[in-house]
Amino acid sequence: MASVSPEPVGGIVDADGRLTAADPRLEQLQREAGSELGRPLAVPQLAFIARLARKLGVTISRPALAAAAEVDLDLWVRAEPEGGDVRLTIESWVERPPQRPRWPDDRPAPADEIAADKRFELDADLRLLSLSRDLARQLGTEASEAAGLPLTRLVQLEADEGGDMPLLRALAGRGDFSGQRAVPRSGGAPLILSGQVRLGAGGEFAGFAGRAASERAEGGALPGAPELDELLRLPLDRIVAEARHIAERGQGPLRSDYATYAGDIMTASRHLLDVLRSMSAPARPQEGAGEGRIDLVALALEAAGLVQSQAAEARMTLEVEGETALPARGDARAVTQILVNLIGNAVRHSPDGGTVRITAARGPMAEISIADQGPGVAPADAKRIFEPFEQAAPGAGGAGLGLAIARRLARSMGGDILLDPGAGPGARFTLRLPLA
């Protein structure tokens, strides 16, 4: 049965995201989330609302879901900027029993699984921060020696039947993961990895805290593709519908920038729906079965729109030039994924206030080039950066997977991704696909 708190619950979040003052209930929730008063607000939903209110400079009032130690919480949160701080007022605080897992697994775990401590922590680049003694022993190493090593130095990550890697998808989406198969390089039985997002001192993504378990026999209680499709697709359909309603000002006059935000949400949600369909669809019987006629320029504009908020934060300009239409053959969803990756890389490696140029050209093949103003790629690294888990420079951010995946997708459609070493300052990557 749900329990309702009749009194509002308040708190103050400072400009650095720290919860500097809080009523007892909010302070207790902060402690249960692993933080304390005077430290960064550790409840992700509340921290996001506070950041959004500060960024927009307006009062925001919206629902939020959170999990306390023993109950789930339905909250209605009001966030009001006050100078550099944000005042949080939780106007509705409803406690209810925690929701049971949608797909419970009632099979008893083996005794050795219960006794073993197989924990690990990864940073944002998938390097090991810590490793329990039991897991280190199973991976043929010492916990002290493993610190700082890439996870893939100790295990080989394997894709599932649909070609997906849950850990990599979680890394891209900054979310939790489960069901990642990993084979110890030292030999031994495969492991199944799962993990939850770790947040840094400023509330930013800082990696994963995870556990490993021995691989179970087939027939486990994981959701099938149709169930997973229904579980995720229906909320996304609702998001698209609500965002369209807002963008079309269906509830009355609305500031133009809010309507633009709603349009961005609608575009991003549609892209996620496309990705979801690819995840739940059966494996293609043959290469190229999902390909058709596409317009590379239209897809480049869509990809640029998906990256626009990232560019705006860095005060960067995305310029699309060249052909106004460029018919090619390929899979629209895969091409959008490639272009989002290439444009996102260009934004990440360019200086604040710079320009990323996206150029469409027709030659023997249809081409989209993305040029940035960053440090560029050394000739010695031109081949290496297309290998999995490789980066042009240490500490560049990410796990070094985007270019490898993008090139694999491009080649599966009869195209390729090339690096132009003589494009001047910065880097210039070109996606080439067959003309339609």
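First residue of the sequence shown: 1, per full-length UniProt numbering; consecutive thereafter. All residues carry an ideal CB built from backbone N, CA and C; glycine is no exception.
Q) Between the stretch 300 to 307 and the stretch 405 to 414, do at least 3 Cβ pairs fall closer than 8 Å? A) no
Q: Please name the residue or residues paired with Ile-294 in a DSSP beta bridge.
A: Ala-328
**Q.** Cut-off 6 Å between Cβ atoms - residues of its own chain near Glu-80, not counting five sequence neighbours on either side
**A.** Thr-59, Arg-87
Q.
Do Val-297 and Ala-325 count as a contact pair if the criterion is CB distance below 7 Å?
A. yes
Q: Sort Val-43, Gly-322, Glu-204, Gly-374 by Cα distance to residue 437 and report the nearest one.
A: As shown, the chain starts at 1 and ends at 436. That puts residue 437 outside it, with no answer to give.
Q.
If distances are taken between C-alpha atoms only, which option among Ser-214, Leu-41, Asp-85 comes closest to Gly-57?
A. Asp-85
Q: Flag this pair as yes or no: are the beta carbons of Gln-45 and Ala-66 separated by less than 7 Å?
A: yes
**Q.** Where Thr-152 sits in the DSSP three-state scheme
**A.** helix
Q) Can you name the residues that DSSP bridges to Ala-21? A) Ile-12
Q: Taking 7 Å as the cut-off, decide whether the C-beta atoms of Arg-357 and Ala-371 are in contact.
A: yes
Q: Identify the continuous alpha helix (DSSP H) that holds Ser-144 and give its terminal residues.
A: 143 to 146
Q. In whole angstroms, what is the alpha-carbon distance linking Pro-434 and Glu-161?
A. 28 Å
Q. Opposite Pro-81 in the DSSP bridges: which residues?
A. Val-86
Q.
According to DSSP, simplified to helix, strand and coil, what is Glu-302?
A. helix
Q | Whole-number beta carbon distance between Leu-191 and Gly-210, since they are thought to touch under 8 Å | A | About 11 Å separates the two Cβ atoms, so there is no contact after all.
**Q.** C-beta atoms of Arg-182 and Ser-214 nearer than 7 Å
**A.** First, the amino acid is wrong: residue 182 is Ala here, not Arg. Their beta carbons are not under 7 Å apart, which means Ala-182 does not touch Ser-214 by this criterion.
Q: For the alpha helix (DSSP H) holding Phe-386, just list the boundary residues, first then last.
A: No alpha helix (DSSP H) contains Phe-386, which DSSP labels as neither H nor E.
Q: Could you tell me which of Arg-333, Ala-332, Ala-360, Arg-329 sits nearest to Gly-322, measuring between CA atoms?
A: Ala-360
(Q) Taking only three categories from DSSP, how would you classify Thr-355? (A) strand
Q: Quick one: grab the DSSP three-state call for Ala-378.
A: coil
Q.
As a quick exercise: from Leu-128, Phe-386, Arg-169, pick the residue whose alpha carbon is nearest that of Val-155.
A. Leu-128
Q | Gly-11 versus Asp-352: straight-line alpha-carbon distance, rounded | A | 34 Å
Q. On the three-state DSSP scale, how would you describe Gly-188?
A. coil
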